[in-house]
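Here the structure is laid out as structure tokens; the discussion comes afterwards.
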Amino acid sequence: QEPLTLTIGVQESGTVQWEIETIKSLGLDKAHGLNLEVRPLADSRAGQIALQAGAVDVILSDFVWVAAQRNDGNLVTMVPHSLTVGGLMVPANSAIADVTGLEGTTIGVAGGPADKSWVILQAYFASKTGKTLPEVAEARFGAPPLVNELLGNGGVDAALNFWQWNARAKAAGMHELLSVKTMLAELGVAEPPPLLGWTFTEATAEAKHDAVVRFLDTSFTAKEVLLTDDTAWENLTGLMGAEDDAALFAQLRDDYRAGIVSSYNPEDTSAAEQTFALLARFGGSEVVGEGQELLPGTFWPGYRK
Amino acid sequence: MATGPGLKISIDEKRYPGSAAPTFSGFKAEIAPGSVTAILGPSGIGKSTLLRIIAGIDRDYSGHVTIDGQPAAEAAPPGFVFQDPRLLPWLTTLDNIRTAGTGVSTEQAMVALGKTGLSGQASLYPHQLSGGMQRRAALARALTLNAGLLLLDEPFVSLDRTLVEEMYDLIASVAASSGPTMILVTHIVEDAARLADRVLVLSGTPTQIAANLAFPQPRNQRDRDTLDTYRRLIEDAT
Amino acid sequence: MATGPGLKISIDEKRYPGSAAPTFSGFKAEIAPGSVTAILGPSGIGKSTLLRIIAGIDRDYSGHVTIDGQPAAEAAPPGFVFQDPRLLPWLTTLDNIRTAGTGVSTEQAMVALGKTGLSGQASLYPHQLSGGMQRRAALARALTLNAGLLLLDEPFVSLDRTLVEEMYDLIASVAASSGPTMILVTHIVEDAARLADRVLVLSGTPTQIAANLAFPQPRNQRDRDTLDTYRRLIEDAT
Amino acid sequence: MPLLELLSFPILLLVWQVLAMVLAHRLFPSPIAVGQEMLRLATEGKLLADLAKTLWRASLAFILAMLIGTAIGILIGRKSWLDRLFSSWLLVGLNLPAIVVAIALYIWLGLTETALILAVVINKVPLVATTIREGVRSFAPEFDELAHAMRWPATKRLRLIFLPQLMPFVLAAARTGLSLIWKIVLVFEVLGSDGGVGYRVSLFFQFFDITGVLAYTSAFILVVLAIEYGMLRPIERRVLQWRPAQA
Amino acid sequence: MPLLELLSFPILLLVWQVLAMVLAHRLFPSPIAVGQEMLRLATEGKLLADLAKTLWRASLAFILAMLIGTAIGILIGRKSWLDRLFSSWLLVGLNLPAIVVAIALYIWLGLTETALILAVVINKVPLVATTIREGVRSFAPEFDELAHAMRWPATKRLRLIFLPQLMPFVLAAARTGLSLIWKIVLVFEVLGSDGGVGYRVSLFFQFFDITGVLAYTSAFILVVLAIEYGMLRPIERRVLQWRPAQA
Ligand SMILES: Nc1ncnc2c1ncn2[C@@H]1O[C@H](COP(=O)(O)OP(=O)(O)OP(=O)(O)O)[C@@H](O)[C@H]1O
Ligand SMILES: Nc1ncnc2c1ncn2[C@@H]1O[C@H](COP(=O)(O)OP(=O)(O)OP(=O)(O)O)[C@@H](O)[C@H]1O
Ligand SMILES: [Mg+2]
Ligand SMILES: [Mg+2]
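Chains as they are written, first to last, in the working numbering: chain P, -18 to 286; chain A, 28 to 265; chain B, 28 to 265; chain G, 218 to 464; chain X, 218 to 464.
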């Protein structure tokens, strides 16, 4: 089998590197007849630009972005990669016992007012108390590490952050009051939605169909390995930034495993649709773009697992 | 009638950075209160430098220059006509005159402009004035303050003969009314003969006083003979 | 021996923006090739303006000014001594002289400096020169080019009597050797009497030629009587 | 002829429109599309509120930075020992990435308005100071002599000889300064704030909504043009009227 | 007294060290820690390669932007009809967010070195042009008259009267320009490149590794200091030696 070449663009600092490293160290791409080229990127915006500029074939992106782009006429499509979500963190000795305790506090939010977790938290808060969270609590928006920092030094009372930053906070003694997964479940979204996915244009899917399929196979194989094989994690400690911190290592590994996608059925998109609808209702176009529902084709029909 | 200050000048050494010989070395002079002293001497001898030292602008020398006993730099501001007009280009002629001191009123400034024949130019900017007009504006500015000490570096250059006569009268009337001490640097023998009661002629390296002539005042401007004598005396000395 | 160009000046109207009256209106003059013309007149009458028009700098007027038949702005560059020294502050004296034309050699420039008594100042910057030195440098620059037309706006100001004599000799020798057409604006009767073979006296509003005197050349500089006559003639005319 | 001034901007729009029509790319919207979007965002969206927020931040930071920077620039330019001692500090300040300053201030002062404005000011001051210093160094010494002879007090010197000579440098610093400050504010609003043009632009950018980005940008540029032609130019004309007219 | 110049930087380091010791905060590393990290990154990491990449980009962009910006600034400053026609374009250019330019160029030219450098140049040119224009407008008309009388050709005018009068503005534009360009390069390296200081700094930032950020920043600042004291100041001294010494 002649190896096919595919270029993916991934954030050099992202958790996705754990999977890439596994693929490379085990030679999984070669095994699937794929020559996987990896272009490191600085951040997610760089990924979007690289995809638009045609510098890479595949990037990692969230499904809301894909839906919004499709709505805008930019025909991109995706296959799920990760289910991990963030959660609401509080210090160990916090007086906040549950979500109603957020009233009158200052909450640090990673990203900004349009962050998806923040919208979901507002929906959840409204369903529990009937009040509008930003009116009864003060929100401070900032970059993820900044939010963690402020949680650590008392600058905020609670923090809504991404999962890998929460893992670090947990390792530093903070505790998760409520995960976004729980919030979604109580809001009626039973299954966790596939927030992140491998994203490519339909044109690429057509022109490099086989290469894309082989890449997805490779990816799912790697996920399988990471899910079941502890030894595969051993040489990832450096990438994880947990060389001499066993607790952090375990925390990151377990949280990562909890979010691994192990199957994919392009017809079963109900979790994504429900989440999208929720986001559209509570967040509006700032969060989901101009479209009000998840357009068909957001998830690539050309693959299943 | 107030009388201007007396000056004691004693410059041990004044040397410009980078130049081989000092401009002044062991230079001494005294200037009597209320006198009009004309300074003559070849180009580049140090006349303007001397005025800058007296005005307290140049302090990069060793020695003592006192004005009524006070160090030059701390004495009251002199009225100074520089060798170039040195008007502030961003102010009108009128406003340039008004910078002479705090609280110079428009009327005062207009009077000074009138005396130098610039009433019509009050609202023009310096670059709109002719060369002679600029110099007259500089003279008007220096006279506005009624300073006790007037330092005039070739003030009558670029003026036609009629104007020069008017300026002689103006200076003579200032001398007569408030009696400031005046130091007048000039190359024109006539200037010295008409206005000065003392003439210092500079020469040599380092600069020394080569001649020190005293002319009795007050003189009669119509008395051509006396003026001719004075003229001849100065010409002989230079 | 080349002879300088002849000038035909006919200014229908020259009015500065914003000023009520025109500076020139219906002004006509002719200047003979190779002549030395002195222009006298009260401060602010328009002498410098006239030189700027002849040099082709000021083109904001109606009328025709031709130099040997060519429009002023297109004629060969004149040697111009402005009323202020106008040296480029960022160039040494020597380099300032060398800007006069393309390919002025250091030797040529040094010769010009020597003639104006500035050999020792070649490497100084303008701000390090005394007022009189700056003016001599400006004169040296204007003479360097051996231009056919020399425009001199009060070139001998700020010079002591000895230097003025030297400059008279210098100008006379230039006139004798290459015979340029020279226009000399001055307020000093002596300048005109010594150098000019024609004297134009300006006056009035708008400016007109009030007197046009011709003095036969060559003259003997030692001939005091003739000079005295000339002097008196000019004084009477102004 | 103010005709050229009036035509200048329409011509730019025309060029843009023609380019947009020739390229016909999703990411290169025409000015008409951008104009419509701007109108929509102003009426239905939060454009006006965002613009107000950003303008407030930018103008406050601008005024503070100009005042402090000019003062520092004059001091360093006049006293050569201060220059020798502090000009390497100025260089460090110039080259310190905005993000470092922002992080430090956000951590110490929290994600507050004060922190944002202070961060912008700290970022901009070295730029103003550097420009002004060059201006001060180019001062003509003869006016200094004049001031000296007349024994002018410091304030009179400042008003009569420093500021007029500094004017071109102040104008350069002001014109480039406003634009730089707005760009820095954009960056900081992305890092940590809950509104303002920068924040919204980064949202648009997430969806590659270039039309939205340009709508916001154009709104800001319109404000800058209004400031330029309504304020800066008239002031400039008054302040610089002494200058001989140029062709 | 070059003593002050030599002391300037050490004093800054001392102030920093003392502050770091007083605050003793994990996110406020001491200069010693930063120095060690710099050394480590230089020997084991990619600091030198990143620095080389960024320097190359910044210097090329700097030279191009200075040349083009100066030319435009002189043209607009001299011809008032050009100014009237194009100064609003310049304002638009000044206020166009870097990100818009970056996206446009990356998408049209791909993620290439050319696109990056071009984007930086486009971003910087209006700044240089604006500064130079103010300089040109402040030219003394008497030197123009002189040049006119002597019939100097354009090149001689440029060399003998324009450039010397522009010098303070060029110096201001160069000093602020280098720092601005490096900051823009940082942003653009984040958006579309796979190496360089900006790229690495944004990675450090994602882990809140302030020591790493400062190590890279300091390395660049050291280069700038070397350029300043090794090149800019000596050139400046030579070019400006005509100026009367100031106290
Ligand atoms: N740029 C200008 N704008 C307006 N008026 C001007 C301008 N330049 C000169 N003038 C006016 O034109 C007239 C003639 O000026 P000019 O410099 O030619 O006089 P001048 O004869 O050389 O005088 P002086 O002997 O004092 O040098 C003056 O009244 C002056 O105020
Ligand atoms: N800043 C300076 N640096 C070096 N030398 C200087 C400086 N200023 C003046 N000089 C020199 O000092 C000497 C005296 O200059 P000054 O201006 O006092 O002469 P002056 O007598 O006024 O001459 P003039 O009659 O030509 O105006 C000159 O030889 C001049 O070259
Ligand atoms: Mg002198
Ligand atoms: Mg004149």
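Note that CB positions come from ideal geometry on N, CA and C, so glycine has one too.
Buried versus exposed call for residue 232 of chain G [16 or more other C-beta atoms within 10 Å across all chains shown]: By the 10 Å Cβ count, residue 232 of chain G comes out exposed.
Buried versus exposed call for residue 191 of chain P [16 or more other C-beta atoms within 10 Å across all chains shown]: It is exposed - the Cβ of residue 191 of chain P has fewer than 16 other Cβ atoms within 10 Å.
Exposure of residue 55 of chain A, with buried meaning 16 or more beta-carbon neighbours within 10 Å: Around the CB of residue 55 of chain A, fewer than 16 other CB atoms lie within 10 Å, so the residue is classed as exposed.
Inter-residue Cα distance where the pair is residue 291 of chain B and residue 310 of chain G: Outside the displayed span of chain B (28 to 265) sits residue 291 of chain B, for which this structure offers no information.
Partner residues on chain P for residue 303 of chain G, Cβ-Cβ distance less than 9 Å: Chain P residues near residue 303 of chain G: none, gap ~31 Å exceeds 9 Å.
Rounded distance between the beta-carbons of residue 405 of chain X and residue 333 of chain X, thought under 8 Å: The Cβ separation is near 5 Å, so the contact holds.
Inter-residue Cα distance where the pair is residue 28 of chain B and residue 118 of chain B: Because residue 28 of chain B carries a pLDDT of 45, less than 50, the predicted location of this residue cannot be relied on, and the following value inherits that uncertainty. Cα-Cα distance, rounded: 33 Å.
Beta-carbon separation (whole angstroms), residue 69 of chain B vs residue 39 of chain A, contact threshold 8 Å: So it is not a contact: roughly 46 Å between Cβ atoms.
For residue 114 of chain A and residue 153 of chain A, believed in contact at Cβ under 8 Å, the rounded distance: Between residue 114 of chain A and residue 153 of chain A the Cβ distance is about 4 Å, and since that is below 8 Å, they are a contact.
Per DSSP, cross-strand counterpart(s) of residue 225 of chain B: Its beta-bridge partners are B:64, B:241.
Selection of the stretch 138 to 164 of chain A by Cβ proximity to chain E, strictly under 9 Å: You won't find chain E in this structure, because its protein chains are P, A, B, G and X.
Alpha-carbon to alpha-carbon, residue 232 of chain B and residue 42 of chain B: Residue 42 of chain B and residue 232 of chain B: Cα-Cα distance of roughly 12 Å.
Same chain, Cβ closer than 7 Å to residue 127 of chain A, five either side skipped, listed in chain order: Shown here for residue 127 of chain A: same chain residues with a beta carbon closer than 7 Å to its own, the five before and five after excluded, namely 168, 171, 172 in chain order.
Reduced DSSP secondary structure (H/G/I, E/B, other) of residue 127 of chain B: Of the three classes helix, strand and coil, the one that applies to residue 127 of chain B here is coil, per DSSP.
Pairwise C-alpha distance: residue 223 of chain G and residue 365 of chain G: A direct Cα-to-Cα measurement between residue 365 of chain G and residue 223 of chain G gives close to 46 Å.
Counted within 10 angstroms of its Cβ, other Cβ atoms place residue 298 of chain X as buried (16 or more) or exposed: Flag for residue 298 of chain X reads exposed.
Min CB distance residue 421 of chain G to chain X below 7 Å: Not an interface residue.
Host alpha helix (DSSP H) of residue 417 of chain G (start-end): Following the DSSP letters along the chain, one finds residue 417 of chain G inside the alpha helix (DSSP H) bounded by residues 414 to 423.
Chain B within 7 Å of residue 187 of chain A, Cβ atoms only: Residue contact with chain B for residue 187 of chain A: present (Cβ-Cβ distance below 7 Å to some residue of chain B).
Every unbroken alpha helix (DSSP H) inside the stretch 425 to 453 of chain G [4 residues or more]: Qualifying alpha helix (DSSP H) stretches, in chain order: 427 to 444.
Closer than 7 Å to chain A by CB, residue 255 of chain B: Chain A, which has no Cβ nearer than 7 Å to the Cβ of residue 255 of chain B, makes this no.
Residue 72 of chain B: CB within 6 Å of a non-hydrogen atom of ligand 1: Yes; taking the cut-off as 6 Å, the Cβ of residue 72 of chain B has a heavy atom of ligand 1 nearer than that.
Identity of the residues DSSP links to residue 51 of chain A by a beta bridge: Under DSSP, residue 51 of chain A takes part in a beta bridge, and its partners are A:41.
Alpha carbon of residue 268 of chain X to alpha carbon of residue 401 of chain X, nearest angstrom: Cα to Cα, the separation comes out at about 15 Å.
Cβ pair residue 371 of chain X, residue 290 of chain X closer than 7 Å: At a Cβ-Cβ threshold of 7 Å, residue 371 of chain X and residue 290 of chain X do not count as neighbours.
Beta-carbon gap between residue 157 of chain P and residue 70 of chain P smaller than 7 Å: Closer than 7 Å, so yes.
Cβ-Cβ separation, residue -1 of chain P to residue 208 of chain P (assumed contact under 8 Å), whole Å: For residue 208 of chain P against residue -1 of chain P, the beta-carbon gap comes to about 12 Å, at or over 8 Å, which does not count as contact.
Separation of residue 453 of chain X from residue 459 of chain X, as counted between CA atoms: Each residue's alpha carbon lies about 11 Å from the other.
Every unbroken alpha helix (DSSP H) inside the stretch 318 to 391 of chain X [4 residues or more]: As summarised for the stretch 318 to 391 of chain X, the continuous alpha helix (DSSP H) elements at least 4 residues long and confined to that stretch are 330 to 354, 358 to 366, 371 to 374, given in chain order.
Start-end ranges of the beta strand (DSSP E) lying completely within the stretch 20 to 94 of chain P, minimum 3 residues: Entirely contained in the stretch 20 to 94 of chain P, the beta strand (DSSP E) runs reaching 3 residues are, in chain order, 39 to 43, 57 to 63, 68 to 71, 87 to 91.
Residue burial classification, residue 91 of chain B (beta-carbon count within 10 angstroms, cutoff 16): Label assigned to residue 91 of chain B: exposed.
Range covered by the alpha helix (DSSP H) that runs through residue 255 of chain X: Start and end: 248 to 260.
Cβ-based burial, residue 445 of chain X [other Cβ within 10 Å; buried from 16]: Residue 445 of chain X sits buried, since 16 or more C-beta atoms from the chains shown fall within 10 Å of its C-beta.
C-beta contact flag for residue 107 of chain A and residue 139 of chain A at 7 Å: Their beta carbons are not under 7 Å apart, which means residue 107 of chain A does not touch residue 139 of chain A by this criterion.
Cβ-based neighbour list, residue 76 of chain A, same chain, cut-off 6 Å, excluding 5 preceding and 5 following: Short of 6 Å from the beta carbon of residue 76 of chain A, and not among the five residues preceding or following it, lie these beta carbons of its own chain, in chain order: 50.
Test: residue 28 of chain B CB closer than 7 Å to a CB of chain X: Annotation note: pLDDT 45 at residue 28 of chain B (below 50); position unreliable, coordinate value reported separately. No, because no Cβ of chain X sits closer than 7 Å to the Cβ of residue 28 of chain B.
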